[in-house]
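To start, the structure itself, in structure tokens.
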Amino acid sequence: MAKLKVTLVKSPIGAVPKNKATVEALGLRKLNQTKEYPDNEAMRGMLAKVRHLVKVEEI
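Numbering-wise (the numbering used here), the sequence shown opens with residue 802 and increments by one.
Shown next, in the form of structure tokens:
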């Protein structure tokens, strides 16, 4: 199965509370922190909501 590499590139401090919660749910706490997730519809939806805060790469 394909994976997504997600990196937090912008601080969620000034973001909408819903977006802050989404970044926290992704487990991203520090800038430039990277995590890998499975490529599925639920994950794509979460990443679409915070696309201005993260960088996504397909692995």
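We put the CB at the ideal spot given by N, CA and C, even for glycine. Owing to the predicted nature of the structure, the values given are computational and were not obtained by experimental measurement.
Close beta carbons around residue i, own chain, < 6 Å, minus the five adjacent residues each side
i           : result
residue 848 : 857
Residue i vs residue j beta-carbon contact at 8 Å
i           : j           : result
residue 806 : residue 837 : yes
residue 808 : residue 851 : no
Span of the alpha helix (DSSP H) around residue i
i           : result
residue 818 : 818 to 826
Collapsed DSSP secondary structure at residue i in the structure displayed
i           : result
residue 848 : helix
Cutoff 8 Å; reference residue i; Cβ partners in own chain excluding five residues on either side
i           : result
residue 828 : 836
residue 840 : 802, 803, 804, 805 and 859
residue 820 : 813, 850, 851 and 854
Cut-off 7 Å between Cβ atoms - residues of its own chain near residue i, not counting five sequence neighbours on either side
i           : result
residue 844 : 805 and 838
Delimiting residues of the beta strand (DSSP E) encompassing residue i
i           : result
residue 886 : Since the first residue of the chain shown is 802 and the last is 860, residue 886 is not available in this structure.
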